[in-house]
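Colleague: Below you'll find the structure I mean.
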Amino acid sequence: MTAIAQGRTRRRAALVSAMCALAVTGLGLTGCGSEDPDAGTNGVGKLTADKIQAKAQAAAAVVDAVRLSGTVVAGGKSYKLDMSLKSDGATGSVTADGTAFHLLRVDEELFLKADAAFWKHEDGKGDDAASDTAAAGKLDDKYVKVPTGDPSYKKFSGFTDKDLLLDSVLTLHGSLDKDGHHEQAGVRTIRITGDGGSGGTLDVSLEGKPYPLRLVRAGGAGTLTFSAWGKDFTLEEPAKGETVDYGKELPTS
């Protein structure tokens, strides 16, 4: 390269650098060479926090299936959930007070499966204790059909109701704002907060549909992650040999 050509190259480089500096400091534009965090995304990161929340809620409302896992604190108790949900039922596990049980709902039929310790009365004595032990043994690792009139039906079925669960958790509280770009399970997200985080935080996918991916609930009421959006799964009632129909009311446990 000749001395004249080299001089022109240096002058062009200097001119580009000067223009970049002017854009950044004088006009408040993105600097040359820096990446747009919303480039190649679904574009929701450019919206206001209120519109991002609305987009996430709308995307969640119309999808057929989702997996929800994490913790929910309600009524002073902490529940650990790992549920696959869709409009006509759900399957998965719930852990409360250190005890885990499995829930399966197919349409309106709800089944609960747990070990003998779940069903055994802790305060039983004498003949009552022996009776409790025998009854618990019959229910051990069996699907017990939960009668619709039993008080526990509404409580347990709430863990299997996709629309009810999503409607109850996917709203942040207080004034909404954006909290930058993040990543959840390898997926780029935009995070929004309620009242600076005290009203909860929600990570919304920037890839594909703007699905909610991670929620920290307000007031320390748990953290939930969402995955497998739109991925169907099979729901079938358990075989008769695996099921116990206890009648109109479950045994107290």
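Going by our numbering, the sequence shown opens with residue 440, and the numbers climb by one from there.
Every residue, glycine too, gets a C-beta built ideally from N, C-alpha and C.
1) Could you give the uninterrupted runs of the beta strand (DSSP E) lying entirely in the segment 541-616, keeping only those of 3 residues or more?
2) Does the separation of the CB atoms of H621 and D642 fall below 7 Å?
3) Buried or exposed: A488, going by 16 or more other Cβ atoms within 10 Å of its Cβ?
4) Under three-state DSSP, which class holds D684?
5) Taking K670 as part of the alpha helix (DSSP H), name the residues at either end of that continuous run.
6) I believe L520 touches G509 by the beta-carbon criterion, under 8 Å. Please report the beta-carbon distance rounded to the nearest angstrom.
7) Can you check whether the CB of V655 is closer than 7 Å to the CB of T664?
8) Near A575, which residues of its chain fall below 6 Å by C-beta distance, leaving aside the five closest residues on each side in sequence?
9) The beta strand (DSSP E) with V511 in it runs from where to where?
10) Taking the alpha-carbon of L507 as reference, which of R630, A553, K670 and K679 has the nearest alpha-carbon?
11) Would you give the residue range spanned by the alpha helix (DSSP H) that V501 belongs to?
12) Are A624 and G638 close, meaning C-beta to C-beta below 7 Å?
13) Under the rule that 16 or more other beta-carbon atoms within 10 Å means buried, what is A553, buried or exposed?
14) Counting pairs of beta carbons, one from the segment 529-547 and one from the segment 596-609, are three or more of them closer than 8 Å?
15) Since P651 sits in a beta bridge, which residues does DSSP pair it with?
16) In the DSSP assignment, the beta strand (DSSP E) including S517 goes from what residue to what residue?
17) For A504 and L604, what's the separation of their Cα atoms in angstroms?
18) How far does the beta strand (DSSP E) with T530 in it extend, from its first residue to its last?
19) Can you have a look at K584 and say buried or exposed, based on whether 16 or more other CB atoms are within 10 angstroms of its CB?
20) Along the chain, where does the beta strand (DSSP E) that runs through T632 open and close?
21) A678: buried (16+ other C-beta within 10 angstroms of its C-beta) or exposed?
22) In angstroms with no decimal places, state the Cα-to-Cα distance between E675 and D475.
23) Would you mind giving the Cβ-Cβ distance between I629 and L645, rounded to the nearest angstrom? I have them listed as a contact below 8 Å.
24) Out of curiosity, what's the CA-to-CA distance linking K594 and F550?
25) Per DSSP, which one or two residues make a beta bridge with A539?
26) State the CB to CB distance for the pair L611 and T632, rounded to an integer number of angstroms; the pair is presumed to be in contact (CB under 8 Å).
Modeller: This is what the structure holds:
1) 548-553 and 581-585
2) Numbered from 1 along the sequence shown, position 182 holds the residue referred to as residue 621. Numbered from 1 along the sequence shown, position 203 holds the residue referred to as residue 642. Their beta carbons are under 7 Å apart, which means H621 touches D642 by this criterion.
3) By one-based count along the sequence shown, residue 488 stands at place 49. Counting Cβ neighbours within 10 Å, A488 comes out buried, since at least 16 surround it.
4) Position 245 of the sequence shown, counting from 1, holds the residue named residue 684. Three-state result, D684: strand.
5) Within the sequence shown, numbered from 1, the residue matching residue 670 stands at position 231. Element bounds for K670: n/a, residue is neither H nor E.
6) Against the sequence shown, residue 520 aligns to sequence position 81. Against the sequence shown, residue 509 aligns to sequence position 70. Rounded, the Cβ-Cβ distance is 6 Å, consistent with contact.
7) Along the sequence shown, one-based indexing puts residue 664 at 225. Along the sequence shown, one-based indexing puts residue 655 at 216. No. Outside cutoff.
8) Along the sequence shown, one-based indexing puts residue 575 at 136. Contacts found: A555, W558 and K559.
9) Working through the sequence shown from its first residue, we reach residue 511 at position 72. From DSSP, the beta strand (DSSP E) with V511 extends over A504 to A513.
10) Start at 1 with the first residue of the sequence shown, and residue 507 comes out as number 68. Selected option, being the one with the closest Cα: K670.
11) For the purposes of this step, residue 501 is taken as the residue at position 62 of the sequence shown. Run containing V501: A488 to V501, per the alpha helix (DSSP H) assignment.
12) Here residue 624 refers to the residue found at position 185 of the sequence shown. Here residue 638 refers to the residue found at position 199 of the sequence shown. No, they are not a contact pair.
13) The sequence position of residue 553 within the sequence shown is 114, counting from 1. So A553 counts as buried.
14) yes
15) The residue given as residue 651 occupies position 212 in the sequence shown. Paired residue(s): V643.
16) Position 78 of the sequence shown, counting from 1, holds the residue named residue 517. Segment K516 to K525, the beta strand (DSSP E) holding S517.
17) What you label residue 504 is simply residue 65 of the sequence shown in a count that begins at 1. What you label residue 604 is simply residue 165 of the sequence shown in a count that begins at 1. The alpha-carbon atoms of A504 and L604 are separated by roughly 13 Å.
18) Position 91 of the sequence shown holds residue 530. Looking at the DSSP string, the run of the beta strand (DSSP E) that includes T530 is G528 to A535.
19) Residue numbering aside, residue 584 sits at position 145 when the sequence shown is read from its first letter. Result: buried.
20) Your numbering for residue 632 matches position 193 in the sequence shown. Secondary structure note for T632: its beta strand (DSSP E) is the uninterrupted segment V626 to G633.
21) For the purposes of this step, residue 678 is taken as residue 239 along the sequence shown, with counting starting at 1. Flag for A678 reads exposed.
22) Here residue 675 is taken as the residue at index 236 of the sequence shown, counted from 1. Here residue 475 is taken as the residue at index 36 of the sequence shown, counted from 1. Cα-Cα distance, rounded: 47 Å.
23) Position 190 of the sequence shown holds residue 629. Position 206 of the sequence shown holds residue 645. Contact between I629 and L645 holds, with the beta-carbon distance rounding to 6 Å and staying under 8 Å.
24) Within the sequence shown, the letter at position 155 stands for residue 594. Within the sequence shown, the letter at position 111 stands for residue 550. The alpha-carbon atoms of K594 and F550 are separated by roughly 13 Å.
25) Numbered from 1 along the sequence shown, position 100 holds the residue referred to as residue 539. A539 pairs with T534.
26) In the sequence shown, counting from the first residue as 1, residue 611 sits at position 172. In the sequence shown, counting from the first residue as 1, residue 632 sits at position 193. With a Cβ gap of about 7 Å, L611 and T632 count as contacting.
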